[in-house]
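Asks:
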Amino acid sequence: MDNTRWVCDKCSEYINTPEEGYVEWYRDNKSNKLHNFHIVHQTKECMYDEQRVFNNENSSTPGNHLFAFLGNDGLIRLLRLLGSEDLLDRQEVINLSLRLQVPSYDTGLNRFDEAWSKGYINGPINGVYYPSVGQIEDINNEL
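The following block contains the structure:
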């Protein structure tokens with residue numbers, strides 16, 4: 001099972017190593033609310049355009065290297081985000097946490113709707129799927 005690949009939210013290509021990836025989000029400059037969490041390649045082409053986001057969304061674009069959100073320390077960092085009063089949508093960070101922490105979750109994510117329609121997994125709860133690791137492995141191998 002491949003647990004070191006993620007799908008870039010910008011270009012939809014694989015991020016093959018943690019060093020290639022970046023996790024970023026918006027911080028609203030007025031309310032300080034955090035939202036629009038992304039996993040992307042650490043390239044200018046895929047990362048948020050900071051100037052455009054500032055001008056059009058009145059937000060900044062904080063973030064960190066993908067590897068900073070992996071393992072035990074990464075889980076603690078994600079849980080800290082999840083507990084933040086500034087978080088606009090907790091489901092966004094729950095989904096981000098699953099994508100980063102659960103092996104092959106991210107590479108199977110685009111098949112979860114089909115797996116649900118075929119009865120392989122339960123439907124989403126507030127827009128987030130919670131299949132078991134075994135179900136994810138089956139989805140990645142069979143669909």
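Going by UniProt numbering, the residue at position 84 of the sequence shown is 84; the numbering climbs one at a time, nothing skipped.
Ideal Cβ placement from N, Cα and C applies to all residues, glycine included.
(1) Drop a sphere of 10 angstroms on the beta-carbon of Glu85, count the other beta-carbons inside from all chains shown, and report buried for 16 or more, exposed for fewer.
(2) Give the list of continuous beta strand (DSSP E) stretches no shorter than 3 residues that lie fully inside the stretch 52 to 137.
(3) Exposed or buried, which one is Ile76 when buried takes at least 16 other CB atoms within 10 Å?
(4) So the beta strand (DSSP E) Glu24 belongs to, where does it begin and stop?
(5) What does DSSP give as the partner residue(s) for Leu34 in the beta ladder?
(6) Tell me, please, whether the CB atom of Gly108 is closer than 8 Å to any CB atom in chain B?
Replies: Concretely, from the data shown:
(1) exposed
(2) 63 to 65
(3) exposed
(4) Gly21 to Asp28
(5) Arg27 and Leu87
(6) No chain B appears in this structure, which consists of one protein chain only.
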